[in-house]
Amino acid sequence: MILDAQALVAAARMQTGLTDFGDPTMFDGLNRLIDSLNTEAKLTEAGSQRVGASITATLVNRLQVEDYLKSHPELLERPIEKPLFVFGLPRTGTTLAINLLTADPVRRRFMRWEAFATVPPAAPGALRADPRCHAEQERLDMSLKYVPHISAMHHEDADSSCECQFAMSPTFCSQVYDSQYHIPSYSDWFLNADYRPAFRYHKRLMQVLQSTNGGRWTFKNPWHPLYLDALTEVYPGAQLVMTHRDPADVVASACSLSTAVRRLFSDQVDPHAVADLKLRTFDLMIARQDAYRQKHGAHSIYDIQYAELTRDPMGVMKRLYAHFDEPLTAEAETAMQAMLDANPQGKHGKHEYSLADYGLTRAGIHAHFKDYTDRFGIPCKA
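Take any residue in the sequence shown, count from 1 to its spot, add 86: that is its number in the working numbering.
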């Protein structure tokens, strides 16, 4: 099945009766993505059908968001104050960190279901009671039966904190596509794209969602080091938090997850190609966050070690709150501890992975990332 960008756009317009996608820059990313999927991704017939349906659903959601904002333009005037963004190389504890932070009742998470069915925003106090939340949870529960290994690697519920890349995916400038499919020409474009339109759309979504259920926005997305300048141009008051972990564990885990996801769409997945892209991307992420610190100061990003986060999560949270000069209330501490108690490591199965599957070794990865691990004092196991 050959994917056709114009046909997908037409299908979304027909489903909704709407025509306006807003910022037209999205069409550049969409066309590049479709071309790369058709020529490089080696999708199965079923995989191609699923990809086409997913892209159409993304376009439908974007049309509906833009239509909602036409009726509620005042929402775009409402500020988003001091949002906090958690990021780091993938598999470095960003999920644990965001789950702790958003257990705090004053914080607002971007829920997974809201990424796919954004408007109208949920009624006040009904984020988890909304029928769209229940529908997404039913879909996730069904997928758990058929691909439980994905949940063991990275489990999400409908009300989980959704990665920001899913707030950027309707712009078609998002790392989600790079992870799910083998699309090297799209990857080359994406890694050097102008990310500001993606963050401007990200902000529009949050201005819609906060209109009925507010709170201090707290986000996570491992890939934010790729585009910190664009992030803080759109969100000038952003608080930035970066997690760090032994890169040998990071690379092995990230490659394992990406390989497993790609196999849902293609029966010709090359593990070595996955590893090559991960190393290239991680090198760029480290270089760009280095450049950001050089430009804005060493303390412009607050650092957390994965080893400390897993050993003493509450201690890490206390130090993080103190760093940003914000109170960690007794209510927040109790909620954070309850989250930890309810979600022990390995709750959804054990994630097994090996660097050897990707032609790599721990010693080789440690040598590759030595400058990074030395500068940040990241503990590494031989």
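Ideal placement from N, C-alpha and C gives every residue a C-beta, glycine not left out.
As the structure is a prediction and not an experimental result, all values here were calculated from the model.
- With burial defined as no fewer than 16 other Cβ atoms inside 10 Å of the residue's Cβ, what is the status of P169: buried or exposed? Counting from 1 along the sequence shown, the entry for residue 169 is found at position 83. With 16 or more other Cβ atoms within 10 Å, it is buried.
- Tell me where the beta strand (DSSP E) around L161 begins and ends. Position 75 of the sequence shown, counted from the start, is the residue given in the question as residue 161. Here L161 belongs to no beta strand (DSSP E), and DSSP marks it neither H nor E.
- Message: Is the separation between the beta-carbon of L175 and that of M371 shorter than 9 Å?
- Response: Counted from its first residue, the sequence shown places residue 175 at position 89. Counted from its first residue, the sequence shown places residue 371 at position 285. M371 sits close to L175, with the two beta carbons spaced by under 9 Å.
- Can you grab the Cα-Cα spacing for the pair A253 / R286, in whole Å? Within the sequence shown, numbered from 1, the residue matching residue 253 stands at position 167. Within the sequence shown, numbered from 1, the residue matching residue 286 stands at position 200. In a straight line, the C-alpha of A253 is about 10 Å away from that of R286.
- Item | Per DSSP, the bridge partner or partners of H304 | In the sequence shown, the residue the question calls residue 304 occupies position 218. A small correction: the amino acid at residue 304 is Thr; His does not occupy that position in the sequence shown. According to DSSP, residue pairing for T304 in a beta bridge involves L170.
- Can you give, in chain order, each stretch of the beta strand (DSSP E) that sits fully within the segment 93-167 and has at least 3 residues? Counting whole runs of 3 or more residues, the segment 93-167 contains no beta strand (DSSP E) stretch at all.
- Hey, out of D332, A361, A334, P333, whose CA is closest to A346's CA? Mapped onto the sequence shown, residue 346 falls at position 260. Ranking D332, A361, A334, P333 by Cα distance to A346 puts A361 first.
- Item | Which listed residue (R198, L187, K364, T257) has its alpha carbon closest to that of R177 | If you number the sequence shown from 1, residue 177 lands on position 91. Comparing Cα-Cα distances from R177 to each of R198, L187, K364, T257, the minimum goes to K364.
- Query: Could you give the residue range of the beta strand (DSSP E) that holds M328?
  - Reply: As a position in the sequence shown, residue 328 is number 242, starting the count at 1. Unbroken beta strand (DSSP E) run through M328: 325-330.
- Run the CB neighbour count on M228, radius 10 Å, all protein chains shown included, and call it buried at 16 or more, exposed below. Position 142 of the sequence shown, counted from the start, is the residue given in the question as residue 228. Result: exposed.
- Message: For I390, report the span of its beta strand (DSSP E) as first-last.
- Response: For the purposes of this step, residue 390 is taken as the residue at position 304 of the sequence shown. Per DSSP, the continuous beta strand (DSSP E) segment holding I390 begins and ends at 388-391.
- Message: Just to confirm the assignment, what range does the alpha helix (DSSP H) spanning A449 have?
- Response: Residue 449 sits at position 363 when you count from the first residue of the sequence shown. It spans 448-454 - the alpha helix (DSSP H) in which A449 sits, taken as one unbroken run.
- Take every Cβ of the segment 272-279, pair it with every Cβ of the segment 202-222, and state whether three or more of those distances are shorter than 8 Å. Contact between the segment 272-279 and the segment 202-222 is absent, because fewer than three Cβ pairs lie under 8 Å.
- Buried or exposed: where does P207 fall if 16 or more other Cβ atoms within 10 Å of its Cβ makes it buried? As a position in the sequence shown, residue 207 is number 121, starting the count at 1. Per the 10 Å Cβ criterion, buried.
- Message: I believe G138 touches L94 by the beta-carbon criterion, under 8 Å. Please report the beta-carbon distance rounded to the nearest angstrom.
- Response: Within the sequence shown, numbered from 1, the residue matching residue 138 stands at position 52. Within the sequence shown, numbered from 1, the residue matching residue 94 stands at position 8. Yes, G138 and L94 are in contact; Cβ-Cβ is about 6 Å, under 8 Å.
- What's the C-alpha gap between F196 and T304? For the purposes of this step, residue 196 is taken as residue 110 along the sequence shown, with counting starting at 1. For the purposes of this step, residue 304 is taken as residue 218 along the sequence shown, with counting starting at 1. Taking the straight line from one Cα to the other gives about 8 Å.
- Message: So, under 8 Å CB-CB, N185 and M425 are touching, yes? Tell me the CB distance rounded to an integer number of Å.
- Response: Counted from its first residue, the sequence shown places residue 185 at position 99. Counted from its first residue, the sequence shown places residue 425 at position 339. Yes, N185 and M425 are in contact; Cβ-Cβ is about 6 Å, under 8 Å.
- Message: With H, G and I counted as helix, E and B as strand and the rest as coil, what does DSSP make of S247?
- Response: In the sequence shown, counting from the first residue as 1, residue 247 sits at position 161. S247 falls in the strand class under three-state DSSP.
- In terms of residues, what are the limits of the alpha helix (DSSP H) holding H288? Along the sequence shown, one-based indexing puts residue 288 at 202. Here the alpha helix (DSSP H) through H288 covers 282-295.
- Reduced DSSP category for R218 - H, G, I as helix; E, B as strand; rest coil: Sequence index remark: in the sequence shown, residue 218 carries index 132 (1-based). In the displayed model, R218 falls within a helix according to three-state DSSP.
- Query: Which residue comes first and which comes last in the alpha helix (DSSP H) that contains P270?
  - Reply: As a working note, residue 270 is residue 184 in the sequence shown. Looking at the DSSP string, the run of the alpha helix (DSSP H) that includes P270 is 270-276.
- Query: So the alpha helix (DSSP H) D398 belongs to, where does it begin and stop?
  - Reply: For the purposes of this step, residue 398 is taken as residue 312 along the sequence shown, with counting starting at 1. Where D398 is concerned, there is no enclosing alpha helix (DSSP H), given that its DSSP letter is neither H nor E.
- What separation, rounded to the nearest whole angstrom, lies between the Cα atoms of S386 and V402? The residue you call residue 386 lines up with position 300 of the sequence shown. The residue you call residue 402 lines up with position 316 of the sequence shown. Taking the straight line joining both Cα atoms gives about 18 Å.
- Item | Range covered by the alpha helix (DSSP H) that runs through E200 | Numbered from its first residue, the sequence shown carries residue 200 at position 114. Counting along the chain, the unbroken alpha helix (DSSP H) around E200 starts and ends at 198-202.
- Helix, strand or coil: how does DSSP classify M425 here? Your numbering for residue 425 matches position 339 in the sequence shown. M425: helix per DSSP, three-state reduction.
- Message: Can you list, in chain order, the residues of its chain with a C-beta nearer than 6 Å to that of G108? Leave out the 5 residues immediately preceding and following it.
- Response: Along the sequence shown, one-based indexing puts residue 108 at 22. E152, listed in sequence order.
- If you check the beta carbons only, do A338 and A316 fall under 9 Å apart? Here the question's residue 338 lines up with position 252 in the sequence shown. Here the question's residue 316 lines up with position 230 in the sequence shown. No.
- Task: Enumerate in chain order the residues of its own chain whose CB-to-CB distance from K467 is below 7 Å, with the five nearest sequence positions on each side excluded.
- Result: On the sequence shown, position 381 is the one that residue 467 refers to. Hits under 7 Å: D332.
- Message: What would DSSP say about R349, mapped onto helix, strand or coil?
- Response: Counting from 1 along the sequence shown, the entry for residue 349 is found at position 263. DSSP places R349 in the coil class of the three-state scheme, outside both helix and strand.
- Message: For E417, which residues in the same chain have their Cβ closer than 7 Å to its Cβ, ignoring the five residues on either side in sequence?
- Response: The residue you call residue 417 lines up with position 331 of the sequence shown. Within the same chain, E417 has close Cβ partners P191.
- Task: Go ahead and pull the three-state DSSP assignment for R193.
- Result: On the sequence shown, position 107 is the one that residue 193 refers to. DSSP places R193 in strand when its eight states are reduced to three.
- Message: Between the alpha carbons of F455 and T447, how many angstroms are there, rounded?
- Response: Position 369 of the sequence shown, counting from 1, holds the residue named residue 455. Position 361 of the sequence shown, counting from 1, holds the residue named residue 447. When the Cα atoms are used, F455 and T447 turn out to be separated by approximately 12 Å.
- Between Y267 and F351, which are expected to be in contact by the criterion C-beta below 8 Å, what is the C-beta distance as a whole number of angstroms? Along the sequence shown, read from residue 1 onward, the residue named residue 267 stands at position 181. Along the sequence shown, read from residue 1 onward, the residue named residue 351 stands at position 265. Your pair Y267 and F351 checks out as a contact, with CB atoms roughly 6 Å apart and the cut at 8 Å.
- Between the beta-carbon of K128 and the beta-carbon of D353, is there less than 9 Å? Your numbering for residue 128 matches position 42 in the sequence shown. Your numbering for residue 353 matches position 267 in the sequence shown. Between K128 and D353, the C-beta spacing is below 9 Å.
- Item | Own chain, CB closer than 6 Å to S122, minus 5 neighbours either side, in chain order | Along the sequence shown, one-based indexing puts residue 122 at 36. Cβ neighbours of S122 beyond the five flanking positions: I269, S271, Y272.
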